[in-house]
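J.: Residue numbers (numbering that gives the first Met the number 0): 0 to 463.
Using N, Cα and C, we set each Cβ at its ideal position, and we do this for glycine too.
Take this structure, written in structure tokens, and hold onto it; I'll ask about it next.
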Amino acid sequence: MNERNNKMELLGSAPIPKALIALGVPIMIGMLINAFYNLVDAYFVGGLGESPMGAISIVFPLGQVIVGLGLMFGNGAASYLSRLLGRGDREAANKAASTAVYSSVIIGAIFIIFAAVFIRPILTLLGATDTIMPYALTYARIYIISCIFNVFNVTMNNVAASEGAAKITMCALFSGAVLNIGLDPVFIYVLDMGVAGAAIATAISQFVSTLVYLAYALSRKSSFTFSFKHFQPSKEIYMEILKIGVPTLTFQLLTSLSIALINRAANGYGDAAIAGMGAVTRVTSMGTLVVFGFLKGFQPIAGFSYGAKKFDRLHEAVRTSILWSTIFCMIVGLAMILFSTQIISQFANGNVEMIAIGRKSLMANGFSFFLFGFYTVYSSLFLSLGKGAAGFVLGACRQGICFVPVILILPAIWGINGILYAQPIADVISVIITIFMALHLQGELAQAEALIRPDKPEKQSYLH
0 MNERNNKMEL LGSAPIPKAL IALGVPIMIG MLINAFYNLV DAYFVGGLGE
50 SPMGAISIVF PLGQVIVGLG LMFGNGAASY LSRLLGRGDR EAANKAASTA
100 VYSSVIIGAI FIIFAAVFIR PILTLLGATD TIMPYALTYA RIYIISCIFN
150 VFNVTMNNVA ASEGAAKITM CALFSGAVLN IGLDPVFIYV LDMGVAGAAI
200 ATAISQFVST LVYLAYALSR KSSFTFSFKH FQPSKEIYME ILKIGVPTLT
250 FQLLTSLSIA LINRAANGYG DAAIAGMGAV TRVTSMGTLV VFGFLKGFQP
300 IAGFSYGAKK FDRLHEAVRT SILWSTIFCM IVGLAMILFS TQIISQFANG
350 NVEMIAIGRK SLMANGFSFF LFGFYTVYSS LFLSLGKGAA GFVLGACRQG
400 ICFVPVILIL PAIWGINGIL YAQPIADVIS VIITIFMALH LQGELAQAEA
450 LIRPDKPEKQ SYLH
């Protein structure tokens, strides 16, 4: 009971810097380690050559789609659960949490079976060349089946974050990532299993993370009771979950689409281009996942504060999150710019063409990464407040509404440079849209605050 009370104190009354550190940093560390193991995975596979490296780059967006199913239920439920806890409605929270977890596993299993049956045409659609296809098939047939564990893990990650249980998320991600880092060289090189070894190592690590979350769910330390009797797929619960979950899934689908479009555009320039862009995706995802992890701590605070009508607390959380995330993004962006050649060389196994392509793209992404924190805070904020439509539009900008036209048009005009600079250009356009949407949201929050505190002067915008 004391642990539950401490979580509620962090969400509702603890100083914002303390709450963001307590809730965001453990998840951020866990996701940083998780992102690092993705880099290590690419590093070890990169030692096998450009075609195996290209193979895991091709399979990557398919895995992201499957993870998106877990995010749809997990992130959709998280926003709803934070607001329910803010209102003190524990019974409804139990039903929503249980429904989200069981639904994600059922839907995830159905999609995985479909993907396994049609894996070859899916990989062709994702841009696999004739030389990459054998490696992609070997890797995907193992990896895709194991993604059922990841669907459960991602759902539980978000549900646990919604109640402020950041440490359990860090432990689950940490245990799986460290195990994967240790198993990769053993299965790939010592046992001489190649890309199949990389897939097996990933499957084992995901299963271990699942065991950590299961132990937490069964230990009764959670604020939620994950009982099958609470699995109530009612219209009301699904409406609340899906109004945030569907935009979240759409973001993930757009992420997969953007990677697939890059791979298909790079297809005409050979395996080195696909492998080089794949390395850039892995490196930049390390930075983006850290920001997402930190903002997993921001989201329940924002949702709880909004549900409890604590607007001063909400404003402070937004301001602090923008400042901290922007400082981090500027540091990481500078590292991408200054050390681009050294970073890409770690995955290229001496391939000069792959290094040249990856270096230029990573430098451009470094400059646009300066803006990522501001954009992501507001993407998270709209969803945390239950504003699904606005959150959908903003979240879909970076790798959908803005990116798709750029990647479809620019390479035809600018050749391979159009591929290398497509994401940075889309990032800049997305931030411009974010500024206008942020100003509109500020007006809405000011009106809502005026209804409960009519004597309070209007708040100054975070953007000033």
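1) What is the DSSP secondary structure of S304, counted as helix, strand or coil?
2) Is the beta carbon of A347 sitting closer than 8 Å to the one on G45?
3) State the Cα-Cα distance for the pair L178 and G87, rounded to the nearest angstrom.
4) Is it true that the stretch 171-191 meets the stretch 92-99, where meeting means three or more beta-carbon pairs spaced less than 8 Å apart?
5) Can the beta-carbon of G357 be found less than 8 Å from the beta-carbon of A278?
6) May I ask you to verify whether the stretch 414-432 touches the stretch 249-265, counting CB pairs closer than 8 Å and requiring at least 3?
7) Would you mind sorting H314 into buried or exposed? The rule is 16 or more other CB atoms within 10 Å of its CB.
8) Rounding to the nearest angstrom, what Cα-Cα distance links L182 and I273 in this structure?
9) State the Cα-Cα distance for the pair V189 and G196, rounded to the nearest angstrom.
10) When DSSP labels each residue in this structure, what does D191 get in the three-state scheme?
11) Going by C-alpha distance, which of E448, T375, L38 and T130 is nearest I432?
12) Compare the C-alpha of P299 against each of I55, I57 and L83 and name the closest.
13) Return the residue from the list F373, L9, I57 and I112 that minimises the CA-CA distance to S145.
14) Starting from L370, trace the alpha helix (DSSP H) in both directions and tell me its first and last residue.
15) Are at least three pairs of beta-carbons, each pair with one atom in the stretch 320-336 and one in the stretch 242-255, less than 8 Å apart?
16) Taking the alpha carbon of A54 as the point to measure from, which residue in I406, I415, I106 and R140 has its own alpha carbon closest?
17) Would you report the Cα separation of V405 and F227, rounded to the nearest angstrom?
18) Could you compute how far the alpha carbon of Q459 sits from the alpha carbon of E443?
19) Just checking, does the stretch 50-66 make contact with the stretch 314-328 on the three C-beta pairs under 8 Å criterion?
20) Is the CB-CB distance between A34 and A160 below 8 Å?
21) Please confirm whether G69 and N149 have their CB atoms less than 8 Å apart.
22) In whole angstroms, what separates the C-alpha of Q441 from that of I434?
23) Quick check: S320 and L122, are their CB atoms within less than 8 Å of each other?
24) Return the first residue and the last residue of the alpha helix (DSSP H) that N471 is part of.
25) With respect to the alpha helix (DSSP H) encompassing E239, which residues constitute its N-terminal and C-terminal limits?
26) V153 to G414, Cα distance in whole Å?
27) Would you please state the rounded distance, in angstroms, between the beta carbons of G85 and A307? I believe it to be under 8 Å.
28) Between S56 and N364, is the Cβ-Cβ spacing less than 8 Å?
29) Should E239 be labelled buried (16 or more other beta-carbon atoms within 10 Å of its own) or exposed?
30) Can you have a look at M0 and say buried or exposed, based on whether 16 or more other CB atoms are within 10 angstroms of its CB?
31) In angstroms, rounded to a whole number, what distance separates the CA positions of F291 and Y42?
32) Three-state secondary structure (DSSP) at L47?
33) Where does H463 land, buried or exposed, given buried means 16+ other C-beta within 10 angstroms?
34) Is the beta carbon of L393 closer than 8 Å to that of S383?
35) Given a cut-off of 8 Å on the beta-carbon distance, is the pair F373 and V289 in contact?
36) What does the alpha-carbon distance come out to for the pair R89 and E162?
T.: Looking at the coordinates:
1) Mapped onto the sequence shown, residue 304 falls at position 305. Of the three classes helix, strand and coil, the one that applies to S304 here is helix, per DSSP.
2) For the purposes of this step, residue 347 is identified with residue 348 of the sequence shown, where counting begins at 1. For the purposes of this step, residue 45 is identified with residue 46 of the sequence shown, where counting begins at 1. For A347 and G45, yes; Cβs fall inside 8 Å.
3) Looking up residue 178 in the sequence shown gives position 179. Looking up residue 87 in the sequence shown gives position 88. Between L178 and G87, the C-alpha separation is close to 39 Å.
4) With the cut-off at 8 Å, the stretch 171-191 and the stretch 92-99 do not touch.
5) As a working note, residue 357 is residue 358 in the sequence shown. As a working note, residue 278 is residue 279 in the sequence shown. Between G357 and A278, the CB-CB gap stays under 8 Å.
6) Counting Cβ pairs under 8 Å, three or more are found: they touch.
7) Here the question's residue 314 lines up with position 315 in the sequence shown. So H314 ends up on the buried side.
8) Translated into the one-based positions of the sequence shown, residue 182 becomes position 183. Translated into the one-based positions of the sequence shown, residue 273 becomes position 274. Between L182 and I273, the C-alpha separation is close to 26 Å.
9) Numbered from 1 along the sequence shown, position 190 holds the residue referred to as residue 189. Numbered from 1 along the sequence shown, position 197 holds the residue referred to as residue 196. Each residue's alpha carbon lies about 10 Å from the other.
10) The sequence position of residue 191 within the sequence shown is 192, counting from 1. Look at D191 here: in three-state DSSP terms it is coil, with no helix or strand label.
11) The residue given as residue 432 occupies position 433 in the sequence shown. When each option's Cα is compared against that of I432, the closest is T375.
12) Locating residue 299 in the sequence shown gives position 300, where the first residue counts as 1. For P299, the closest of I55, I57 and L83 by C-alpha to C-alpha distance is L83.
13) Locating residue 145 in the sequence shown gives position 146, counting from the first residue. Taking only the C-alpha atoms, the option nearest S145 is I112.
14) Taking the first residue of the sequence shown as 1, we reach residue 370 at position 371. No alpha helix (DSSP H) contains L370, which DSSP labels as neither H nor E.
15) With the cut-off at 8 Å, the stretch 320-336 and the stretch 242-255 do not touch.
16) Your numbering for residue 54 matches position 55 in the sequence shown. Per the Cα distances, R140.
17) In the sequence shown, counting from the first residue as 1, residue 405 sits at position 406. In the sequence shown, counting from the first residue as 1, residue 227 sits at position 228. As the crow flies, the alpha-carbon of V405 is around 46 Å from that of F227.
18) As a first step, residue 459 is located in the sequence shown; it is residue number 460 there, counting from the start. As a first step, residue 443 is located in the sequence shown; it is residue number 444 there, counting from the start. Because the pLDDT at Q459 is just 49, under 50, the model does not fix this residue reliably, and the value given afterwards should be weighed accordingly. Each residue's alpha carbon lies about 13 Å from the other.
19) No, because fewer than three Cβ pairs between the stretch 50-66 and the stretch 314-328 fall closer than 8 Å, the two stretches do not touch.
20) Translated into positions along the sequence shown, residue 34 becomes position 35. Translated into positions along the sequence shown, residue 160 becomes position 161. At a Cβ-Cβ threshold of 8 Å, A34 and A160 do not count as neighbours.
21) As a working note, residue 69 is residue 70 in the sequence shown. As a working note, residue 149 is residue 150 in the sequence shown. Taking 8 Å as the cut-off, the Cβ atoms of G69 and N149 count as close.
22) The residue given as residue 441 occupies position 442 in the sequence shown. The residue given as residue 434 occupies position 435 in the sequence shown. In a straight line, the C-alpha of Q441 is about 11 Å away from that of I434.
23) Here residue 320 refers to the residue found at position 321 when the sequence shown is read from its first residue. Here residue 122 refers to the residue found at position 123 when the sequence shown is read from its first residue. No, these two residues do not count as a Cβ contact at 8 Å.
24) Absent from the model: residue 471. The displayed extent of the chain is 0 to 463, so no value can be given.
25) The count along the sequence shown starts at 1 and reaches residue 239 at position 240. Unbroken alpha helix (DSSP H) run through E239: K234 to N266.
26) Position 154 of the sequence shown, counting from 1, holds the residue named residue 153. Position 415 of the sequence shown, counting from 1, holds the residue named residue 414. Near 37 Å, if we compare the C-alpha coordinates of G414 and V153.
27) Counted from its first residue, the sequence shown places residue 85 at position 86. Counted from its first residue, the sequence shown places residue 307 at position 308. About 4 Å; that satisfies the 8 Å criterion.
28) Start at 1 with the first residue of the sequence shown, and residue 56 comes out as number 57. Start at 1 with the first residue of the sequence shown, and residue 364 comes out as number 365. No; because the gap between Cβ atoms is not below 8 Å, this pair is not in contact.
29) Taking the sequence shown and counting its residues from 1, one reaches residue 239 at position 240. So E239 counts as buried.
30) Counted from its first residue, the sequence shown places residue 0 at position 1. Residue confidence is low: M0 scores 48 on pLDDT, short of 50, so the model does not pin down where it sits. No coordinate-derived value is stated.
31) For the purposes of this step, residue 291 is identified with residue 292 of the sequence shown, where counting begins at 1. For the purposes of this step, residue 42 is identified with residue 43 of the sequence shown, where counting begins at 1. One C-alpha to the other measures close to 23 Å.
32) If you number the sequence shown from 1, residue 47 lands on position 48. Three-state result, L47: coil.
33) Residue 463 sits at position 464 when you count from the first residue of the sequence shown. Here H463 scores only 48 on pLDDT, less than 50, and its place in the model should not be relied on; the value that follows carries that caveat. Classification for H463: exposed.
34) Translated into the one-based positions of the sequence shown, residue 383 becomes position 384. Translated into the one-based positions of the sequence shown, residue 393 becomes position 394. No, Cβ-Cβ distance for S383 and L393 is not below 8 Å.
35) Within the sequence shown, residue 373 is the residue found at index 374, counting from 1. Within the sequence shown, residue 289 is the residue found at index 290, counting from 1. No, the Cβ-Cβ distance between F373 and V289 is not below 8 Å.
36) Sequence index remark: in the sequence shown, residue 89 carries index 90 (1-based). Sequence index remark: in the sequence shown, residue 162 carries index 163 (1-based). If I take the Cα positions, the gap works out to 11 Å.
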